[in-house]
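Enquirer:
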Amino acid sequence: MGQNKLFPEFSADDNSSFLWIIAILLGTIFFSELIIMYFMAPFEKGYTRWAIAFFDAIILFCIVAPVLYLTLLKPMRRRLELLTKTDKILQNLANLQERKITQGNAQLITEIDERKQIEVTLKNNFQTQSIINKLLLLSLNDMPLKDLLQEFICHVTSLPWLSLEPKGAVLLSEGENNLKLYAQSGLSQEIITRCGNVPFGVCLCGKSAQTGQVVFADHIDHRHDITFEGMKPHGHYCVPIISSRKKLLGVFTLYTVAGHPRAPIIEETLISIAGVAANILEHKMAQEERENLRGQLRQSQKLEAIGTLAGGIAHDFNNILAAIIGYSEMAQAELPEGSISRSDINQVLIAGKRAKELVEHILLFSRSGNQAPAPMRITPIVKEVLKLLRATIPSSIEIKQSLSSDIGATLIDPTQLHQIIMNLCTNATHAMEQGGILAVQLSSATLNADDIKSLAPELTPGKYIQLTVTDTGKGMDEPTLKRIFEPYFTTKDPDKGTGLGLSVVHGIIASCGGAITVESLPGKGSTFRVYFPEIGEKTIGEGISLAPAPFPSGRERILVVDDEQPITDLEKRILEQLGYTITNINSSMGALKLFKSDPDGFDLIITDQTMPHLTGADLAREILQIRPDIPIILCTGYSESLTEEKAEQLGIKKYLRKPVVARELAETVRKVLDA
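Listed below in structure tokens is the structure:
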């Protein structure tokens, strides 16, 4: 810069130009004076020298002072001013930089905190997702729903960042407005007992179910409707489990320490977990429903196969019984009253009739029994059965009955209805050998689609009569419950039952469009519920008339056809004793040939159904084509394909179930001929 030069260039704008001119002039004078003094020194006096020296000193000062000022002091002053300005600028820059650094540090701290929070969030999300993955894998395991839900509770409470207590419970919806404790972990027996069933709106879980919202409490407050002495302080998150169809499946409740604050992030996480729980429940319930349907299908196929086998056996057995009972009746009629032989034959008849009832049970089980349903009121028959039971069961068993008076009617054979009630009540008393309570309840029930789905899928929505038989006996375990309706399965001693009772009851109820369910726990007794379809008001019966009528007789000509000769011989003897003219034949083809040769030679045809070459139905069809007006009675020990309705459609006048006893045969023949 120009200030650093000893003799700087002048400019019109330079403030020091004038001083430089003066200094140069004075310097010129000074140096001129020195030259003059040098040459005149010999001629001057001493004082003159001192005057000149003083004058020269003044001139020298005037020269040196501006030069020093311009060359040293002024540049130093300018540098000082520059340094001062620079210091201010640097100070400002330092302050600015300090502010930037402070702001940067604050931003860095914020970023570090945010990163730490993100790390915590990612860690929590990872833990949560790991738990959700475990829960989803659980749903794929082949384990009972109760065990799965218990694992669900353990997994959720194991999330460390949720700060939950290691205990909780899952309550599932049962019925319309009730929660049932289905699984729990870490709960005391007192809580398990008191919270076994929680109505909607009651306590925190019930309120969560009623509102469909998360219910939180940081301590035991007024909303805790279910409390007990000694309950420890605690908090709750009660979270509803809602399906994809917006249906409440249940509620799960988790425990916190008392005073734990409500945390929205925890609440949101639990809601997400509730969605996973809903998916698990829907998947597991659908899986169990499929398994139940498969089980029902297998059971149905099993019962159908056994029923077919039983029906085939019953056919042959009925033919044997027909001969035993028929010939015994005829032999007994020939013996005098009071004779030992007559008494012995009477025991044969009693045994034969018991065997006949057993075959009827088998046929009822196979749904091929000779059923004559009629509109019946159930209440009088229930009262009749209970009256009979009271006289026969031990006094240590108390009977409690609650029979509604406004119960409608159902379409069922009265004998079978009597059998159902008697069987259920008898089984109940057998389960209470040490005494107990037999409770019988009769009421009306309206079942909707959801009820039917949980109770008995084979039913249709509508009105039903519900018969409930409950005992306080020893109860049954799960394997026994699964086989309770199988034929020949029994928990009784060999001398106390055949195992056909409940299978027959199941067959009767199914044949009339009803259903039967059973609930039981070991040591807790059993409850059977029977649902009969309720019908409108019709001509309703209330009992069975057992008064016998005299044997009718006649003079008509009858053709008897059966491939079993003992049967045709027996029927011939019975009917001939009543005055009829009988032609018997043991071949359906031979019978058709005989009838074709003389169609007007007979007034009635009695034929068996199951015969080689030509069945009874086919024989009847051929005969009716020749002579449509001739009455035909068809007898069968068992026929899966030919029902009474189908026989009537063929033109057959009467359908009889073997073994046919003498009275039944005589009354049926006369009734058909007089029609």
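Heads up: the sequence shown begins at 944 in the numbering used here, then just goes up one per residue.
Quick reminder that beta carbons are idealized off the backbone N, C-alpha and C, glycines included.
Predicted model only: the values in this text are computed from it and were never measured.
Going by the CB atoms, is the gap between Ser1082 and Ile1184 shorter than 8 Å?
Expert: no
Enquirer: Is the beta carbon of Ile1321 less than 8 Å from the beta carbon of Leu1360?
Expert: It is a contact, given that the beta carbons lie within the stated cut-off.
Enquirer: Specify the secondary structure class of Pro1476 as computed by DSSP and reduced to three states.
Expert: strand
Enquirer: Can we say the region 1206-1223 touches the region 1164-1176, given the rule of at least three CB pairs closer than 8 Å?
Expert: no
Enquirer: To the nearest angstrom, how far is it from the Cα of Cys1455 to the Cα of Asn1120?
Expert: 32 Å
Enquirer: Starting from Lys1123, follow its DSSP beta bridges and name the residues at the other end.
Expert: Leu1115, Asn1140
Enquirer: Give me the Cα-Cα distance between Glu1094 and Asp1349, rounded to the nearest whole angstrom.
Expert: 48 Å
Enquirer: Do Leu1547 and Pro1509 have their CB atoms nearer than 8 Å?
Expert: no
Enquirer: Taking the alpha carbon of Gln1409 as the reference point, which residue from Thr1423, Glu1376, Ile1364 has its own alpha carbon closest?
Expert: Ile1364
Enquirer: Can you have a look at Ala1534 and say buried or exposed, based on whether 16 or more other CB atoms are within 10 angstroms of its CB?
Expert: buried
Enquirer: Can you tell me which of the three DSSP states Met1319 falls into?
Expert: strand
Enquirer: On the three-state DSSP scale, how would you describe Arg1600?
Expert: strand
Enquirer: Between the C-alpha atoms of Ser1463 and Glu1421, what's the straight-line distance to the nearest angstrom?
Expert: Using only the alpha carbons, I get a separation of about 8 Å.
Enquirer: Report the partner residues of His1179 according to the DSSP bridge assignment.
Expert: Ala1160, Tyr1198
Enquirer: Do the region 1499-1514 and the region 1383-1396 touch if we need at least three Cβ pairs shorter than 8 Å?
Expert: no
Enquirer: With DSSP as the reference, label Cys1578 as helix, strand or coil.
Expert: strand
Enquirer: Quick one: what does DSSP say Ser1387 is sitting in, helix, strand or coil?
Expert: Residue state for Ser1387 is assigned as strand, using DSSP reduced to three classes.
Enquirer: Tell me, which residues are paired with Glu1341 by DSSP?
Expert: Ile1380
Enquirer: Mind checking Ile1258: buried by the 16 CB within 10 Å criterion, or exposed?
Expert: Here residue 1258 is His; the residue named in the question, Ile, does not match the sequence. Buried, because 16 or more other Cβ atoms sit within 10 Å of the Cβ of His1258.
Enquirer: Could you tell me whether the region 1140-1149 touches the region 1062-1081, where touching means 3 or more Cβ pairs closer than 8 Å?
Expert: no
Enquirer: Using DSSP with H/G/I as helix, E/B as strand and the rest coil, what is Ala1490?
Expert: Low confidence applies to Ala1490: its pLDDT is 40, below 50, so where it sits in the model is not reliable enough to give any reading.
Enquirer: Leaving out five residues before and five after Leu1521 in sequence, what residues of the same chain have Cβ atoms less than 7 Å from its Cβ?
Expert: Phe1494, Ser1496, Gly1497, Ala1609
Enquirer: Can you give me the C-alpha to C-alpha distance between Ser1311 and Thr1586, rounded to a whole angstrom?
Expert: Any reading at Ser1311 must be qualified, since the residue scores a pLDDT of 46, below 50, and its modelled position is unreliable; no value is offered.
Enquirer: Measure the CB-CB distance between Val1291 and Ile1267 and report whether it falls below 8 Å.
Expert: yes
Enquirer: In angstroms, rounded to a whole number, what distance separates the CA positions of Thr1611 and Ile1549?
Expert: 11 Å
Enquirer: Ignore the nearest five residues each way along the sequence and tell me which others in Leu1329's own chain have a CB closer than 8 Å to its CB.
Expert: Ile1342, Gln1344, Cys1368, Val1383
Enquirer: Mind checking His1556: buried by the 16 CB within 10 Å criterion, or exposed?
Expert: exposed
Enquirer: For Ser1101, name the three-state secondary structure that DSSP assigns.
Expert: coil
Enquirer: Please report the straight-line C-alpha distance between Thr1579 and Val1604, rounded to a whole angstrom.
Expert: 13 Å
Enquirer: Can you tell me whether Glu1247 is helix, strand or coil according to DSSP?
Expert: Glu1247 sits in a helix when the DSSP states are folded into three classes.
Enquirer: With DSSP run on the structure shown, which of helix, strand or coil describes Thr1558?
Expert: coil
Enquirer: Please report how far the alpha carbon of Gly1218 lies from the alpha carbon of Ser1347, in whole angstroms.
Expert: Whole-angstrom Cα-Cα distance: 44 Å.
Enquirer: Starting from Glu1429, trace the alpha helix (DSSP H) in both directions and tell me its first and last residue.
Expert: Element bounds for Glu1429: n/a, residue is neither H nor E.
Enquirer: Counting only runs that start and end within the region 1492-1525, where is the beta strand (DSSP E) found for 3 or more residues in a row?
Expert: Taking only runs of at least 3 residues, the beta strand (DSSP E) segments lying wholly in the region 1492-1525 are 1500-1504.
Enquirer: In the DSSP output, what is Gln1409 paired with across the bridge?
Expert: Ser1386, Tyr1474
Enquirer: Apart from the five residues on each side of it in sequence, which residues of its chain come closer than 6 Å, Cβ to Cβ, to Pro1279?
Expert: So the list is empty, once near-sequence residues are dropped.
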